[in-house]
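Reviewing the structure listed below.
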Amino acid sequence: MRFAYDQRLSPAEQRISRRSDAVTEVPLRTSATPRPGVEAVREALLHTEGFFQRESSLFGQRVPPPAGSERREAADTGKWSTSTRRGRR
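FYI, the numbering for the sequence shown is 1207 to 1295, going by the numbering used here.
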């Protein structure tokens, strides 16, 4: 499928774009296993901004805590607020 921005590309870039558009899947080796550090990175990402993300038993995925849960530092301190007492910034 061609897009309007294709016209701005050089002929070489257009060829690359067409080839990449034709790729429908990227095969992985059957023995591909996650590297040992992957789990550590995953856990670090799930603890962003100091809010532990709980695991959903329904989907088996990690989800953010519900609004109004026991961890309300941002709401209490106004640290992340986009407005001031005098109005919007």
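For each residue, glycine too, the CB sits at the ideal point set by N, CA and C.
Contact belief for residue i with residue j at Cβ below 8 Å, rounded distance in angstroms
i	j	result
GLN1220	ASP1212	6 Å
Contacting residues, own chain, Cβ-Cβ under 7 Å from residue i (five flanking each side not counted)
i	result
VAL1244	none
LEU1251	none
ALA1246	none
Nearest-angstrom Cα separation, counted from residue j out to residue i
i	j	result
ARG1248	ARG1214	39 Å
ALA1218	ARG1235	30 Å
THR1230	ARG1208	16 Å
When the options are compared against residue i, the one with the closest alpha-carbon
i	options	result
SER1223	PRO1233, ARG1235, ALA1246 and ALA1210	ALA1210
Own chain residues within Cβ distance below 8 Å of residue i, not counting five before or after
i	result
VAL1232	none
ARG1225	none
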